[in-house]
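Q: All the letters of the sequence shown, read from the start, carry residue numbers 65 to 294 under this note's numbering.
Ideal placement from N, C-alpha and C gives every residue a C-beta, glycine not left out.
Since the structure is predicted, the reported quantities are computational estimates derived from the model, not experimental observations.
Let me give you the structure first, and then I'll get to my questions.
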Amino acid sequence: MIRCVLFDLEGTLVDFQWKLEEAEAELRRAAAGVLGCGPERFAGLNYAGIWKAAMEAGAPGLRARVEQTLEPIYDRYDLDAATRWTLQPGASSVLTRLQALGVPTGLVTNVGRRSVAHIVTRLGIDGRFGVVVTRNDVPRMKPAPEGIHKALAALGATAAEALMVGDSLSDIGAARAAGCRVAIVLGGESTEAAIRAARPDLVLTDLREVVGSLCEPLERRKAGRPEGQS
Numbered sequence: 065m066i067r068c069v070l071f072d073l074e075g076t077l078v079d080f081q082w083k084l085e086e087a088e089a090e091l092r093r094a095a096a097g098v099l100g101c102g103p104e105r106f107a108g109l110n111y112a113g114i115w116k117a118a119m120e121a122g123a124p125g126l127r128a129r130v131e132q133t134l135e136p137i138y139d140r141y142d143l144d145a146a147t148r149w150t151l152q153p154g155a156s157s158v159l160t161r162l163q164a165l166g167v168p169t170g171l172v173t174n175v176g177r178r179s180v181a182h183i184v185t186r187l188g189i190d191g192r193f194g195v196v197v198t199r200n201d202v203p204r205m206k207p208a209p210e211g212i213h214k215a216l217a218a219l220g221a222t223a224a225e226a227l228m229v230g231d232s233l234s235d236i237g238a239a240r241a242a243g244c245r246v247a248i249v250l251g252g253e254s255t256e257a258a259i260r261a262a263r264p265d266l267v268l269t270d271l272r273e274v275v276g277s278l279c280e281p282l283e284r285r286k287a288g289r290p291e292g293q294s
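In structure tokens, the structure reads:
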């Protein structure tokens, strides 16, 4: 039984606006500059993979320089995307419905703390989450599971009780590594073909489908009605 729901931010609760290719190219160049190698060392890695590889490639004394070099780049692209982010259709109503049902919710995102604090307030979804975990709060971004582990600990929930709702292969990887179920909303960072090939527990074409797949069964259980009874 799902007792806790964790949400990704960009591509899930808000539309995907990161200038991904441009950002990743800049991150590869910057990481290579600090480590004294060619940017091809980071070829094929996404923005989370570049951070992980750069941090692991450098000697301990270089890690602080890697972080100081890359973090402002991530922040700049976050803040740029934040100027265009809008709530996905149904995002506010889904969060409201879960809150009314007493279902703990959390936000687990690779977006940095500065942009998250700004955007949840601007879009009116601040106060909807029992915990917010950004990339600044964990040593590794999704698809590493640390953010999910941290959110579940704060909410007092186990992985077996949790559903991660996201839009990307990184969300699938993080959820599986953490041991929780995962629902993916199509149309975000990762392509539909890639998502379906990865076989998440649920594939949604609209965030509002969470209402049918999760909220309505919860409401039936809360009312003491068996599954399938209207």
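Could you tell me whether the region 102–110 touches the region 124–131, where touching means 3 or more Cβ pairs closer than 8 Å?
A: no
Q: From the DSSP output, read off the bridge partner residues of Phe71.
A: Residue numbering aside, residue 71 sits at position 7 when the sequence shown is read from its first letter. Paired residues: Leu171, Val229.
Q: Residue range of the beta strand (DSSP E) that Arg161 falls in?
A: Numbered from 1 along the sequence shown, position 97 holds the residue referred to as residue 161. Careful: Arg161 lies outside any beta strand (DSSP E), inside the alpha helix (DSSP H) at 155–164.
Q: How is the alpha helix (DSSP H) around Ile248 delimited, first residue to last?
A: Numbered from its first residue, the sequence shown carries residue 248 at position 184. Note, Ile248: premise wrong, no alpha helix (DSSP H); beta strand (DSSP E) at 245–249.
Q: Compare the C-beta of Gly237 with all C-beta atoms of chain D and state if any pair is closer than 9 Å.
A: Looking for chain D here will not work: only one protein chain is present.
Q: Relative to the alpha-carbon of Val98, which residue among Glu225, Ala121, Gln81 has its alpha-carbon at the smallest distance?
A: As a working mapping, residue 98 is identified with position 34 in the sequence shown. Of the candidates Glu225, Ala121, Gln81, the one whose C-alpha sits nearest the C-alpha of Val98 is Ala121.
Q: Taking the alpha-carbon positions, what's the Val195 to Ile189 distance?
A: Numbered from 1 along the sequence shown, position 131 holds the residue referred to as residue 195. Numbered from 1 along the sequence shown, position 125 holds the residue referred to as residue 189. Val195 and Ile189: Cα-Cα distance of roughly 13 Å.
Q: Measure the alpha-carbon distance for Leu187 versus Thr150 and round it to whole angstroms.
A: The residue you call residue 187 lines up with position 123 of the sequence shown. The residue you call residue 150 lines up with position 86 of the sequence shown. Taking the straight line joining both Cα atoms gives about 7 Å.
Q: Compute the Euclidean distance between the alpha carbons of Thr147 and Leu73, then round it to the nearest angstrom.
A: For the purposes of this step, residue 147 is taken as the residue at position 83 of the sequence shown. For the purposes of this step, residue 73 is taken as the residue at position 9 of the sequence shown. Just so you know, the alpha carbons of Thr147 and Leu73 end up roughly 15 Å apart.
Q: Can you give me the C-alpha to C-alpha distance between Asn174 and Pro209, rounded to a whole angstrom?
A: The count along the sequence shown starts at 1 and reaches residue 174 at position 110. The count along the sequence shown starts at 1 and reaches residue 209 at position 145. One C-alpha to the other measures close to 12 Å.
Q: Excluding the 5 residues flanking Ile137 on each side, which residues of the same chain have their C-beta closer than 8 Å to its C-beta?
A: As a first step, residue 137 is located in the sequence shown; it is residue number 73 there, counting from the start. Taken in chain order, the residues that qualify are Ala87, Glu90, Leu91, Ala94.
Q: Hey, Val249 and Asp231 are a contact pair by Cβ (cut 8 Å); roughly how many whole angstroms apart?
A: As a first step, residue 249 is located in the sequence shown; it is residue number 185 there, counting from the start. As a first step, residue 231 is located in the sequence shown; it is residue number 167 there, counting from the start. Between Asp231 and Val249 the Cβ distance is about 5 Å, and since that is below 8 Å, they are a contact.
Q: According to the neighbour-count rule (16 or more other Cβ atoms, all chains shown, within 10 Å of its Cβ), is Glu85 buried or exposed?
A: Numbered from its first residue, the sequence shown carries residue 85 at position 21. Looking at its Cβ environment, which holds fewer than 16 other Cβ atoms inside 10 Å, Glu85 is exposed.
Q: Would you tell me roughly how many angstroms separate the C-alpha atoms of Asp235 and Arg204, rounded to the nearest one?
A: As a working mapping, residue 235 is identified with position 171 in the sequence shown. As a working mapping, residue 204 is identified with position 140 in the sequence shown. Using only the alpha carbons, I get a separation of about 13 Å.
Q: Between which two residues does the alpha helix (DSSP H) harbouring Val78 extend?
A: Taking the sequence shown and counting its residues from 1, one reaches residue 78 at position 14. Taken as a continuous stretch (DSSP letters only), Val78 belongs to no alpha helix (DSSP H), as it is neither H nor E.
Q: How is Val180 classed by DSSP in three states: helix, strand or coil?
A: Here residue 180 corresponds to residue number 116 of the sequence shown, with the count starting at 1. Val180 falls in the helix class under three-state DSSP.
Q: Who are the Cβ neighbours of Arg260 in its own chain at under 8 Å, not counting the five residues just before and after it?
A: Here residue 260 refers to the residue found at position 196 of the sequence shown. Within the same chain, Arg260 has close Cβ partners Val267.
Q: Where does the unbroken alpha helix (DSSP H) through Val130 begin, and where does it stop?
A: For this step, residue 130 is matched to residue 66 along the sequence shown. 124–146 is the extent of the alpha helix (DSSP H) around Val130.
Q: Buried or exposed: where does Ala181 fall if 16 or more other Cβ atoms within 10 Å of its Cβ makes it buried?
A: To locate residue 181, count along the sequence shown from 1; it is residue 117. Looking at its Cβ environment, which holds fewer than 16 other Cβ atoms inside 10 Å, Ala181 is exposed.
Q: Between Thr269 and Gly252, what straight-line distance do the alpha-carbon atoms span, to the nearest angstrom?
A: Residue numbering aside, residue 269 sits at position 205 when the sequence shown is read from its first letter. Residue numbering aside, residue 252 sits at position 188 when the sequence shown is read from its first letter. Answer to the nearest angstrom: the Cα atoms are 10 Å apart.
Q: Ala112 and Pro103: beta carbons closer than 9 Å?
A: If you number the sequence shown from 1, residue 112 lands on position 48. If you number the sequence shown from 1, residue 103 lands on position 39. Going by C-beta atoms, Ala112 is not nearer than 9 Å to Pro103.
Q: In three-state DSSP terms, what is Val195?
A: Locating residue 195 in the sequence shown gives position 131, where the first residue counts as 1. Correct three-state label for Val195: strand.
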